[in-house]
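Written out below as structure tokens is the structure these notes cover.
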Amino acid sequence: MNHVSLSDLGKALFTINRHAKTAPEPQHLYFIKKEAISRLLKEKRATKVGLHFSDHPKFSNQHSTLLVKVDSYFFHIPPAKEDFKELEHLGTLDKNYRNPQTKMSLSQAKKVVYRYIDWKPKEKKPAPNKRKQYSSSYFTPSSLGKMEWPPKKTHRNY
Numbered sequence: 479m480n481h482v483s484l485s486d487l488g489k490a491l492f493t494i495n496r497h498a499k500t501a502p503e504p505q506h507l508y509f510i511k512k513e514a515i516s517r518l519l520k521e522k523r524a525t526k527v528g529l530h531f532s533d534h535p536k537f538s539n540q541h542s543t544l545l546v547k548v549d550s551y552f553f554h555i556p557p558a559k560e561d562f563k564e565l566e567h568l569g570t571l572d573k574n575y576r577n578p579q580t581k582m583s584l585s586q587a588k589k590v591v592y593r594y595i596d597w598k599p600k601e602k603k604p605a606p607n608k609r610k611q612y613s614s615s616y617f618t619p620s621s622l623g624k625m626e627w628p629p630k631k632t633h634r635n636y
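Quick note on the working numbering: the sequence shown kicks off at 479 and runs consecutively.
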């Protein structure tokens with residue numbers, strides 16, 4: 479396994495988390511965040527701080543999230559059953575606390591986390607090579623008197 483510094487992982491996870499909150503399809507970002515934090519907890523490089531009530535109740539039911547500290551950053555992940563028995567409940571989220579400001583691109587953050595969790599993106603299969611039908615957003619051909627558009631080249635013998 480590749481060793482990645484804790485400060486780099488903290489910055490990368492912060493960047494991924496920030497992007498996941500506004501992404502149209504955040505599932506993958508949340509998956510790699512949870513995967514990395516789970517590994518850090520197993521390696522004892524991250525610590526469980528306690529439980530918080532979530533800001534976003536599921537189906538109108540209040541639920542809790544697990545607060546985890548990675549380097550100087552704090553993150554929420556779904557708690558395990560044993561977390562409720564072992565950890566203190568900290569109540570509602572403290573809005574005054576902010577993670578340190580971080581400048582890291584999403585692509586760089588993903589590379590750091592991918593290297594840490596040893597994750598390989600699935601190869602995208604190239605699409606079968608189909609010729610594209612010509613279309614123009616500026617020119618709409620008239621189909622008056624034509625059975626098909628664009629007309630096929632005809633070879634007339636005169």
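Glycine is no exception: its CB is placed at the ideal position from the N, C-alpha and C atoms.
Every value quoted in this text rests on a predicted model; they were computed, and no experiment measured them.
Span of the beta strand (DSSP E) around residue i
i, result
"LYS542", "One point to set straight first is that residue 542 is Ser, not Lys, in the sequence displayed. Looking at the DSSP string, the run of the beta strand (DSSP E) that includes SER542 is 542 to 548."
"VAL527", "524 to 531"
Run of the alpha helix (DSSP H) containing residue i, from where it starts to where it stops
i, result
"HIS554", "Element bounds for HIS554: not the alpha helix (DSSP H) but the beta strand (DSSP E), 551 to 555."
"SER485", "484 to 498"
"LYS511", "505 to 520"
Nearest candidate by alpha-carbon position, reference residue i, set the options
i, options, result
"ALA498", "PHE492, LEU491, LEU507", "LEU507"
"LYS512", "LEU491, LYS522, SER532", "LEU491"
"GLU560", "LYS547, ARG523, THR543", "THR543"
"HIS481", "THR493, LEU518, ASN577", "LEU518"
"VAL527", "LEU584, GLU564, ASP596", "GLU564"
"GLU566", "GLN540, THR500, LEU545, ARG496", "LEU545"
Which of helix, strand or coil DSSP assigns to residue i
i, result
"HIS567", "strand"
"ARG593", "helix"
"GLN586", "helix"
"LYS598", "coil"
"LYS463", "Because residue 463 is not part of the residues shown, which for the chain are 479 to 636, the question remains open."
"MET479", "The predicted position of MET479 is uncertain, since its pLDDT is 48 and thus under 50; a value taken from the coordinates is nonetheless stated next. In the structure shown, MET479 sits in coil (DSSP, three-state: anything other than H, G, I, E or B)."
"ASN577", "coil"
Neighbour-count burial assignment, residue i, 16 or more Cβ in a 10 Å radius
i, result
"ALA558", "exposed"
"PHE553", "buried"
"MET479", "Unreliable positioning characterises MET479 in this predicted model, as indicated by a pLDDT of 48, which lies under 50. A coordinate reading is not provided."
"THR493", "buried"
"HIS530", "buried"
"LYS588", "buried"
Nearest-angstrom beta carbon gap, residue j and residue i [assumed within contact, 8 Å]
i, j, result
"ASP533", "LEU571", "6 Å"
"ALA524", "LYS547", "6 Å"
"LEU487", "VAL590", "7 Å"
"TYR551", "ASN577", "5 Å"
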